[in-house]
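**Q** Just so you know, the protein sequences line up as chains C and L, in that order. At the far end of the first sequence sits residue 657, using this note's numbering, and the numbering has no gaps. At the far end of the second sequence sits residue 289, using this note's numbering, and the numbering has no gaps. All C-beta atoms in this analysis are idealised placements derived from N, C-alpha and C, irrespective of residue type, glycine included.
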Amino acid sequence: MIMTKYIETPLNDRLSAKFDLAILRETDIPTQKIRKEAFAFFQKNGFPSIKHEEWRFTNMLPFLKDAYDLDVLEHNVSKEEFNRTAQLVSEHLSALNDSMKGTHKGAYRIVCINGKINEALSVLPAEEQLRVLSFPEAVEQPLFKKHFGKIAKHNGFSAVNTALFSEALMLQVPDNQVVDKPVHLVNVYLTETAIWLNTRHLVVLGKNAELDLIETILSDNTENALFVNSVTEIALDTQAHFNHYDIQTGRQNLRLVQHTEAHQERHSHYSNYTFTLPGADVVRNTLHLYMDKAEEECHLYGLYFTAGRQIVDNHTEVHHQFPNCESNQLYKGVLTDHSKAVFNGKIYVYEDAQKTNAFQQSNNILLSDKATVDAKPQLEIFADDVKASHGTTVGQLDKEALFYLRSRGISEDSARNMMVNAFAFDVTQKVKHEALRQYLENLIAEKLQALS
Amino acid sequence: MLSINNLHARVEEKEILKGLNLTVNPGEVHAIMGPNGAGKSSLASVLSGRPGYEVTGGTVTFDGKDLLALSPEDRAREGLFLAFQYPIEIPGVSNVSFLKTALNEIREYKGEAPLSAKEFMQRSRDMQKLVEFDAKLVNRSLNEGFSGGEKKRNEIFQLAMLEPKLGILDETDSGLDIDALRIVSRGVNKLRNKNNAFVLITHYQRLLEYIVPDFVHVLSDGKIVKTGGKELALELEEKGYDWLKEPVA
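1) Cβ of C:S424 within 7 angstroms of any heavy atom in the ligand ADP?
2) Secondary structure at C:I228, three-state DSSP: helix, strand or coil?
3) Could you give the uninterrupted runs of the alpha helix (DSSP H) lying entirely in the segment 507-580 of chain C, keeping only those of 4 residues or more?
4) The beta strand (DSSP E) that contains C:Y669, what's its start and end?
5) Checking contacts by CB at 8 angstroms: is C:Y609 closer than that to chain L?
6) Give the list of continuous alpha helix (DSSP H) stretches no shorter than 4 residues that lie fully inside the segment 53-139 of chain L.
7) Which residues in the same chain as C:Y495 place their Cβ atom closer than 6 angstroms to its Cβ, once the five residues preceding and following it in sequence are excluded?
8) Would you give the residue range spanned by the alpha helix (DSSP H) that C:F247 belongs to?
9) Taking all protein chains shown into account, decide if C:G320 is buried (16 or more other Cβ within 10 angstroms of its Cβ) or exposed.
10) Should C:G614 be flagged as near chain L, meaning a C-beta pair shorter than 8 angstroms?
11) Any C-beta of chain C sitting closer than 8 angstroms to the C-beta of L:Q198?
12) Assign C:N434 to one of three DSSP states: helix, strand, or coil.
13) Given L:V171, which residues of its chain have a CB within under 6 angstroms of its CB, disregarding the five upstream and five downstream residues?
14) So what's C:D589 in DSSP terms, helix, strand or just coil?
15) Using the DSSP secondary-structure output, state which residues sit across from C:D274 in a beta bridge.
16) If you reduce the DSSP assignment to three classes, tell me which class C:V383 lands in.
17) Per DSSP, what are the beta-bridge partners of C:E372 in this structure?
18) So within the segment 227-267 of chain L, which uninterrupted beta strand (DSSP E) runs reach at least 3 residues, ignoring any that extend past its ends?
19) Look at the Cβ atom of C:H406, then the Cβ atom of C:L374, and state whether they are nearer than 8 angstroms.
20) On a CA-only basis, which of L:F121, L:L120 and L:V178 is nearest L:R163? Give me that one, please.
21) Could you check where the alpha helix (DSSP H) with C:Q346 kicks off and where it finishes?
22) Counting only beta-carbon separations shorter than 8 angstroms, does C:V339 have a partner in chain L?
23) Please report how far the alpha carbon of C:L278 lies from the alpha carbon of C:W401, in whole angstroms.
24) Can you find a C-beta in chain L that's less than 8 angstroms from the C-beta of C:F183?
25) If distances are taken between C-alpha atoms only, which option among L:K169, L:L42 and L:S214 comes closest to L:F121?
26) Helix, strand or coil: which one does DSSP assign to L:G269?
27) I'd like to know if L:I251 contacts chain C, where contact means its C-beta is closer than 8 angstroms to some C-beta of that chain.
28) Determine the extent of the alpha helix (DSSP H) in which L:R15 is found, giving its start and end residues.
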């Protein structure tokens, strides 16, 4: 009865038709093989339904019913689209800059329109620091061959991405290179009709390499359904440090399903900071970390602030396979209106992974009695010398504290904002870039203001 | 300044104030004493607008305004300050930004321009000195990890910063050692002037040795049953409260 875990929609047939086209266009034999395997998986399994354990709290079916345009053909940006994007990017940057107040020493910029890099709008670092390659030119790279399609495992969505993606971006930091400024990846989404995008990133850091990547979303102001089904694969070599910031904003009818998997080598550090704000209908982040050698660290920080009927689902898995690794997860949620959040965090400590430190915490505040949280921490430990903990809380703003602030002349709205910011502080303070932290705090304040 | 007339209030179904009368004029210090459960802290809660307290009768005017019609924040902006019996810890909210927000929201209400960062810092330094409050505590999260005494001293520091017309000190002496009690009292004495007033709610006479009141009231069973000068406090200390209870009719 395994099939009952999956859903069939008219979309499936259209995906099949598009897959045939994608295979015809694929000239790289290994990639063609990867696509075929992925699509075979999808054809067998389909999209996951709520009967699937990993998706039981988030029903994707309502978001799969639109007549998405699945165009996998390469599409050049028209002059009008270019101008619209330039305008959006300039507004976005000025919002970012306004919060920077001179503390900011700038960032490199990669602008992608519907997954495709636009060089004219991008400001790239020197090539010896960071190589930015789009998909067709990347296939000959040994590191592409080594990692592409090898890291992310399949579920219905990631398999569709692998089978059908038409644009991909590879970011590679060579050995011993420290990218001197953060790289701001602006994901611009433009629609003229309902569209489905399979965007794909491969990030490879060499030995001792360091990169700070800040991803933001710029969506147009239409109401067209937009399904962004993205996959990011990350490979960190020995002693590499990768700080990965993901700022998830958006608009109504945007659906975001994001699958991120990372493999780490010895002494490497991966930090992921995911901030999800009101906007998109549904956001599902699947984030899997594989600690493939001893003595590694990863830090996963999440803040979700949800509104309307939004659903935000964070699923994490951390695999401790070798000794002396440390993982640390802190996810905080502020939920308003009828919104819903899911946190499902799994920690696996394998038999050989002695001296593991694995921590996980998920705290949530409900600002509305219509909002819900499903939190499910899971620990599976097969080693005996391990420090591991997890905890989950769901509560409301402390009424006594609110009254205390108000009794000093502070309005109810300001008091609530102060307390929400204080609650989020554990996570926001982890953001190392002052300007980015300020930008996030402003975004949160703005969204809170919109509620009152 | 403050005029309480036949005030009745309840919390949930329990009647806690049963016809309380009190008048406070500028320049005066009033002490309200009484046995546990008499309604002392409830009076402070009702005056400051704490949620959950329901006024069922009577009036309270504060500088001519109907106090009970105002939100808690507007009561503060009009010049009422409650020093909490149990000040709240709010991790992540810095003492400084909290006070700055409070001060500027009060100033905005009064139609005054906000203080500049420099003016605020200057005022903060002056008041720290005046009420002997540790600068290190000012820069921490609001009351987080403060000792009981530090929390009470922070209440007095906030009072100094916000310069209310009427300060209500709810059992500020409870849990204080003698040194902290002296510091808190010195602070209040320095802040006393002919334009402001204080209401000290206390169970013990000890505080009144340091902050000498003009009037002492005894609150029992939701009403003020006796009013006198500062010597009444000593009498209460000696005899307890039982002698004041009216014989059952």
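**A** On the basis of the supplied data:
1) You won't find the ligand ADP in this model; it holds no ligand whatsoever.
2) helix
3) none
4) Nothing about residue 669 of chain C can be reported from this structure: the residues present for chain C run from 206 to 657 only.
5) Interface residue, yes.
6) 80-88 and 112-118
7) H468 and H524
8) I234 to N250
9) buried
10) yes
11) At least one C-beta of chain C is nearer than 8 angstroms to the C-beta of L:Q198.
12) strand
13) I196, F197, A200 and G227
14) coil
15) C:I400
16) strand
17) Beta-bridge annotation (DSSP): C:E372 is paired with C:T404.
18) 237-241 and 255-260
19) yes
20) L:V178
21) Careful: C:Q346 lies outside any alpha helix (DSSP H) and carries neither H nor E.
22) It should be noted that the sequence gives Ser, not Val, for residue 339 of chain C. Cβ-Cβ to chain L under 8 angstroms: no for C:S339.
23) Here the model assigns C:L278 a pLDDT of 49, short of 50, so the residue's position is not dependable, and the following value carries that caveat. Whole-angstrom Cα-Cα distance: 13 angstroms.
24) Nothing about residue 183 of chain C can be read from this structure; chain C reaches only from 206 to 657.
25) L:L42
26) coil
27) no
28) Not covered by the structure: residue 15 of chain L. The range shown for chain L is 41 to 289.
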